[in-house]
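Just below is one structure, and these are the notes that go with it.
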Amino acid sequence: MTQFAQTDNPRDQIVGHLPQMRAFAISLTRNLSAADDLVQDTIVKAWTNIDKFTPGTNLQAWLFTILRNTFYSNRRKQTREVADPEGVFVGQLSVKPDHDGKLAFADFRRAFDQLCAEHREVLILVGASGFTVEEAAQMIGVAPGTIKSRTSRARKLLAQLMGLAEGESVVIGGYEAILPMRMVAA
Amino acid sequence: MSENDPKAKVRQQIDQNLKRVYQEALEEDVPDRFKALLAQLREKDAESGRERP
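If you read the sequences in order, they're chains A and B.
Residue numbers for the first sequence follow the working numbering, beginning at 281 and rising by one.
Residue numbers for the second sequence follow the working numbering, beginning at 623 and rising by one.
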């Protein structure tokens with residue numbers, strides 16, 4: 281067992297968040313080697329700025345904040361991307377579902393990859409990694425309302441990219457695909 | 623109600639797939655270079671700590 285030391289020093293707890301940091305970095309970059317460089321930069325920044333971390337607060341959120349800030353500031357330096365967080369080339373590379381309406385995971389991933397980083401970011405933070413809207417708002421540095429609207433826009437784009445017009449029923453293998461009822465919001 | 627709403631179904635499918643995308647990334651092996659980097663940073667700190675009066 282390679283157990284890392286249980287200490288109060290947040291520096292010693294960074295190692296425990298590496299898989300999540302890497303997963304978030306992969307979600308942002310969609311590229312393993314770029315993700316690894318990003319995690320590396322984040323580790324160094326977190327280590328040297330550890331005095332700025334407030335003990336008792338969410339270390340993972342703090343690390344994620346550094347990671348995404350690094351990502352966007354590198355991107356600003358490296359590329360001349362159109363500064364349009366809501367922009368995505370919808371329809372250009374639209375993935376159509378199979379004739380039977382089957383929505384394959386590969387298609388989903390392709391659609392996800394086409395989203396801009398800002399959209400992938402909110403979807404992963406709020407939809408997949410379990411942060412609340414408020415936490416995501418703090419990490420991204422915007423109002424909770426912005427997170428909500430950005431998330432809903434990102435979902436709409438994903439649906440469009442997968443060829444699922446809003447209101448269109450999703451059919452998998454001939455029957456309607458519904459998640460277990462417990463997933464349905466009360 | 624909401625489970626009969628096609629929009630809600632698309633939503634649920636998106637959620638399920640998003641979790642899967644993240645889960646896949648989470649299951650990627652973390653390269654050793656990160657642990658090595660942390661060890662290196664620790665060492666550097668220990669050294670500079672010794673140099674200080």
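Built from N, CA and C at the ideal position, the CB exists for glycine as well.
> By Cβ distance below 8 Å, which residues in the same chain neighbour residue 338/A in space, the five residues on each side in sequence not counted?
Replying inline: The count along the first sequence starts at 1 and reaches residue 338/A at position 58. Excluding positions up to five away in sequence, the list reads 415.
> Is the region 421 to 434 of chain A close to the region 660 to 670 of chain B, with three or more CB pairs under 8 Å?
Replying inline: The answer is no - the region 660 to 670 of chain B does not touch the region 421 to 434 of chain A, with fewer than three Cβ pairs under 8 Å.
>> Below 8 Å on the Cβ atoms is my contact criterion, and I expect residue 293/A with residue 659/B to pass it. Report the Cβ-Cβ distance as a whole number of Å.
In response: What you label residue 293/A is simply residue 13 of the first sequence in a count that begins at 1. What you label residue 659/B is simply residue 37 of the second sequence in a count that begins at 1. Contact between residue 293/A and residue 659/B does not hold, since the beta-carbon distance rounds to 15 Å and is not under 8 Å.
> Do the region 640 to 650 of chain B and the region 306 to 325 of chain A meet, that is, are 3 or more Cβ pairs less than 8 Å apart?
Replying inline: Yes, the region 640 to 650 of chain B is in contact with the region 306 to 325 of chain A.
>> I need the boundaries of the alpha helix (DSSP H) containing residue 642/B, first residue and last residue.
In response: Numbered from its first residue, the second sequence carries residue 642/B at position 20. In the DSSP assignment, residue 642/B falls within the unbroken alpha helix (DSSP H) covering 628 to 648.
>> Buried or exposed, going by whether 16 or more other CB atoms sit within 10 Å of the CB of residue 411/A?
In response: By 1-based counting over the first sequence, the position of residue 411/A is 131. The Cβ neighbour count for residue 411/A, taken over all protein chains shown within 10 Å, is at least 16; the residue is labelled buried.
> Over what stretch of residues does the alpha helix (DSSP H) that includes residue 436/A continue unbroken?
Replying inline: In the first sequence, counting from the first residue as 1, residue 436/A sits at position 156. 424 to 441 is the span of the alpha helix (DSSP H), which, as asked, contains residue 436/A.
> Hey, residue 305/A and residue 347/A are a contact pair by Cβ (cut 8 Å); roughly how many whole angstroms apart?
Replying inline: In the first sequence, residue 305/A corresponds to position 25, counting from 1. In the first sequence, residue 347/A corresponds to position 67, counting from 1. Between residue 305/A and residue 347/A a beta carbon distance of about 6 Å is seen, short of the 8 Å cut, so the two are scored as contacting.
> What is the DSSP secondary structure of residue 397/A, counted as helix, strand or coil?
Replying inline: Counted from its first residue, the first sequence places residue 397/A at position 117. Residue state, collapsed to three classes: helix.
>> For a cutoff of 8 Å on Cβ pairs, would you count residue 467/A as touching chain B?
In response: Residue coverage of chain A in this structure runs from 281 to 466, which leaves residue 467/A outside it and unanswerable.
> Near residue 291/A, which residues of its chain fall below 7 Å by C-beta distance, leaving aside the five closest residues on each side in sequence?
Replying inline: Walking along the first sequence from the start, residue 291/A turns up at place 11. The beta carbon of residue 291/A sits closer than 7 Å to those of 327, 330, all from its chain and outside the five residues before and after it, given in chain order.
> Near residue 636/B, what residues of its chain come up, given a Cβ to Cβ distance below 7 Å and the 5 sequence neighbours on each side ignored?
Replying inline: The residue you call residue 636/B lines up with position 14 of the second sequence. Excluding positions up to five away in sequence, the list is empty.
> Between the beta-carbon of residue 406/A and the beta-carbon of residue 427/A, is there less than 8 Å?
Replying inline: Within the first sequence, numbered from 1, the residue matching residue 406/A stands at position 126. Within the first sequence, numbered from 1, the residue matching residue 427/A stands at position 147. Yes. Within cutoff.
> What residues from chain B crowd round residue 295/A, counting only those whose CB sits closer than 7 Å?
Replying inline: Indexing the first sequence from 1 puts residue 295/A at position 15. In chain order: 657, 660.
>> Please classify residue 417/A as buried or exposed, where buried requires at least 16 other C-beta atoms within 10 Å of its C-beta.
In response: Taking the first sequence and counting its residues from 1, the one referred to as residue 417/A is at position 137. Label assigned to residue 417/A: buried.
>> For chain B, check one thing: does any of its Cβ atoms lie closer than 8 Å to the Cβ of residue 380/A?
In response: Position 100 of the first sequence, counted from the first residue, corresponds to residue 380/A. For residue 380/A, the predicted structure reports a pLDDT of 46, less than 50, and the residue's modelled location is therefore unreliable. A value from the coordinates is still provided. No - not a single Cβ of chain B is within 8 Å of the one on residue 380/A.
> Just by C-beta distance, which residues in the region 327 to 344 of chain A are closer than 7 Å to chain B?
Replying inline: Listed by position along the chain: 327.
> Any beta-carbon of chain B closer than 8 Å to the one on residue 302/A?
Replying inline: As a working mapping, residue 302/A is identified with position 22 in the first sequence. Closer than 8 Å: yes.
> Is residue 643/B near residue 355/A, with beta carbons less than 8 Å apart?
Replying inline: What you label residue 643/B is simply residue 21 of the second sequence in a count that begins at 1. What you label residue 355/A is simply residue 75 of the first sequence in a count that begins at 1. No. Outside cutoff.
>> Between the alpha carbons of residue 640/B and residue 289/A, how many angstroms are there, rounded?
In response: For the purposes of this step, residue 640/B is taken as residue 18 along the second sequence, with counting starting at 1. For the purposes of this step, residue 289/A is taken as residue 9 along the first sequence, with counting starting at 1. Here the alpha carbons of residue 289/A and residue 640/B stand approximately 33 Å from one another.
> Would you say residue 668/B reaches chain A, if we count a Cβ-Cβ gap shorter than 8 Å as a contact?
Replying inline: One-based indexing of the second sequence puts residue 668/B at position 46. Chain A contact via Cβ: absent.
>> Buried or exposed, going by whether 16 or more other CB atoms sit within 10 Å of the CB of residue 358/A?
In response: The count along the first sequence starts at 1 and reaches residue 358/A at position 78. Counting of Cβ neighbours within 10 angstroms places residue 358/A among the exposed residues, the total staying below 16.
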